[in-house]
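FYI, in my numbering the residues of the sequence shown are 6 to 379. Structure first, then comments.
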Amino acid sequence: MKDTTTLTIEGMDCPSCTSKIEGAVCQIPGVQNVRLNYTNQKLHFEGADEASQAVKQAVERLGYKVRSPGHETGSASQEWWQTGKGGMVILTGAMLGLAFLLSFILPRFADYAFLIAALVALVPLVRKAWAGALAGQPFTIETLVSLAVVGAIGLGEIAEAAVVVFFFLVGELLEMVAAGKARKSVQALADLVPKTAFLVEDGKAREVDAAQLTVGDLIEVRPGDRVPADGVITEGNTAVDLSAVTGESVPRRMGPGDEVFAGAINADGAIRLRVEAGAENNMIARIMHLVEEAEASKAPTARFIERFSRWYTPGVIAVSGLIMVLPPLLVGASWEAWVYKGLAILLIGCPCALVLSPPAAITSGISAGARQGL
């Protein structure tokens with residue numbers, strides 16, 4: 006019997022990464038029903054236990070990190086300059102600035118500095134392009150940029166090559182930041198539930214991990230605290246702010262027998278309630294599940310963009326190649342001029358913004374609606 010396995014994929018900054026990873030994983034024998042959610046970074050697939058290691062190796066060869074659920078590194082909380090991409094942008098930018106400075110002070114050494122800056126930034130792109138080709142995904146964004154930069158260096162336009170690859174890295178960094186914000190907006194839902202709760206035993210309250218609460222436990226919620234679990238009030242009267250859960254703008258007066266949801270705020274009175282649902286099945290957990298389902302069911306626009314991008318990249322490479330060779334062959338035009346124009350087509354053909362916009366907009370809208378209780 007094939008079991009469903011879930012892994013966390015770190016390092017995705019563009020929705021085109023999902024098709025690249027899914028394509029590589031689908032080629033592994035014995036692996037079926039591969040689904041990768043770009044927003045929560047969860048990879049789901051069916052296969053035998055030994056297939057998990059093959060999946061991890063295939064994804065890591067593409068340049069991404071694979072973690073088991075619950076063992077994430079917390080990279081989403083990092084600032085952009087603390088990430089690998091941020092460090093590469095800072096390093097390349099510093100080298101590029103030094104190269105421009107040398108072009109004024111020691112012009113004969115400037116090209117060497119530009120070349121070093123270009124090669125340093127190009128190495129990770131070439132590595133990812135090569136890994137994608139080995140995984141059956143030869144037409145990637147990294148392939149486009151790598152071909153263009155190598156071609157520019159071959160034409161002697163070294164400064165332009167360094168500037169182009171630097172701005173590509175900046176673009177990737179901005180995409181990573183935008184994706185991180187979308188993921189944080191969803192994670193904010195989970196943060197509505199407090200990590201600890203006051204469990205009442207023998208008439209005394211002691212602090213425990215909220216995830217350990219079980220159905221039937223008696224807990225105490227003090228004024229100003231968030232409710233840690235779904236439950237029914239057994240003692241006390243208070244005003245409960247349900248805006249984060251139901252969208253109600255005015256706190257509701259509640260007393261014994263009234264149902265309270267996890268994530269609500271106890272406004273003005275201490276209450277005790279009987280837990281009616283565990284941490285994995287409370288109101289916030291159910292909302293999170295609905296959000297994930299909504300994100301996994303791609304909108305028609307997102308499906309169209311995904312299909313379009315699969316043909317777009319090889320199409321750009323083909324058009325670029327034709328622009329390079331047809332005018333010189335047919336009308337005797339300058340090879341250097343038309344090769345340069347073909348390389349320019351490669352550079353401007355990166356579709357990252359195109360494929361990023363639908364999921365980013367959908368994720369932001371869904372998470373905002375969920376926070377408003379819609």
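Even for Gly, the Cβ is constructed at its ideal location relative to N, Cα and C. Please read these numbers as outputs of a predicted model, since none were measured by experiment.
Coil, strand or helix - residue i by DSSP
i: Glu-281; result: coil
i: Gln-83; result: coil
i: Lys-25; result: helix
i: Lys-200; result: coil
i: Thr-251; result: helix
i: Ile-322; result: helix
i: Glu-264; result: strand
i: Ala-183; result: helix
i: Leu-218; result: coil
i: Ala-193; result: helix
i: Arg-315; result: helix
i: Ala-210; result: strand
i: Asn-271; result: strand
i: Ala-244; result: strand
i: Gly-236; result: strand
i: Arg-291; result: helix
i: Leu-12; result: strand
i: Met-259; result: strand
i: Arg-231; result: strand
Where residue i falls, given that 16 or more other Cβ within 10 Å makes a residue buried
i: Gln-46; result: buried
i: Lys-200; result: exposed
i: Gln-142; result: buried
i: Ala-338; result: exposed
i: Leu-351; result: buried
i: Leu-204; result: buried
i: Ile-110; result: exposed
i: Phe-114; result: exposed
i: Tyr-43; result: buried
i: Asp-8; result: exposed
i: Ala-136; result: buried
i: Val-71; result: buried
i: Glu-298; result: exposed
i: Gly-159; result: exposed
i: Ala-140; result: buried
i: Glu-285; result: exposed
i: Gly-16; result: buried
i: Ala-99; result: exposed
i: Ser-325; result: buried
i: Ala-56; result: buried
i: Gly-156; result: buried
i: Val-336; result: exposed
i: Val-255; result: exposed
i: Phe-313; result: exposed
i: Glu-165; result: buried
i: Asp-196; result: exposed
i: Thr-219; result: exposed
i: Gly-268; result: buried
i: Ala-184; result: buried
i: Ile-322; result: buried
i: Glu-84; result: exposed
i: Met-6; result: Note that Met-6 scores a pLDDT of 48, beneath 50, so its modelled location is shaky; the value from the coordinates is reported in the next line. It is exposed - the Cβ of Met-6 has fewer than 16 other Cβ atoms within 10 Å.
i: Ala-29; result: buried
i: Ile-353; result: exposed
Contact test: residue i Cβ vs the ligand PLP heavy atom, cutoff 7 Å
i: Leu-223; result: Looking for the ligand PLP in the displayed structure turns up nothing, as the structure carries no ligands at all.
Beta-carbon separation (whole angstroms), residue i vs residue j, contact threshold 8 Å
i: Ala-380; j: Thr-148; result: Outside the modelled stretch of the chain, which goes from 6 to 379, sits residue 380, for which no answer is possible.
i: Ile-289; j: Val-198; result: 5 Å
i: Ala-63; j: Gly-35; result: 12 Å between Cβ atoms; not a contact.
i: Ser-151; j: Leu-127; result: 7 Å
i: Thr-97; j: Leu-48; result: In fact, because the Cβ distance is near 30 Å, the residues do not count as touching under 8 Å.
i: Leu-130; j: Ala-118; result: Not a contact, Cβ separation roughly 19 Å.
i: Arg-277; j: Leu-223; result: 6 Å
Proximity test, Cβ basis, 8 Å: residue i and chain C
i: Trp-85; result: In the structure shown, chain C cannot be found, because there is only a single protein chain.
Inset, instruction - Any chance you could list the beta strand (DSSP E) runs of at least 3 consecutive residues sitting entirely within the segment 93-178, in chain order? - result: Counting only runs of at least 3 residues, the segment 93-178 fully encloses no beta strand (DSSP E) element at all.
Legend entry - Stretch-stretch touch, CB-based, cutoff 8 Å, three pairs: the segment 224-239 with the segment 267-285: Between the segment 224-239 and the segment 267-285, the count of Cβ pairs shorter than 8 Å is three or higher; the stretches touch.
Inset, instruction - Report yes or no: do three or more beta-carbon pairs, one from the segment 90-106 and one from the segment 177-189, lie closer than 8 Å? - result: With the cut-off at 8 Å, the segment 90-106 and the segment 177-189 touch.
Inset, instruction - Decide yes or no for the touch test of the segment 218-229 against the segment 254-273: beta carbon pairs closer than 8 Å, at least 3 of them. - result: Yes, the segment 218-229 is in contact with the segment 254-273.
Legend entry - Runs of alpha helix (DSSP H) lying entirely within the segment 25-78, each at least 4 residues, in chain order: Counting only runs of 4 or more, we get 56-66.
Inset, instruction - Evaluate the contact criterion for the segment 202-220 versus the segment 242-251: three or more CB pairs, one atom per stretch, below 8 Å. - result: The segment 202-220 is not in contact with the segment 242-251.
Inset, instruction - Check whether the segment 54-72 touches the segment 20-38, counting contact only when three or more Cβ pairs, one atom from each stretch, lie closer than 8 Å. - result: By the Cβ test, the segment 54-72 is in contact with the segment 20-38, since at least three Cβ pairs between them sit closer than 8 Å.
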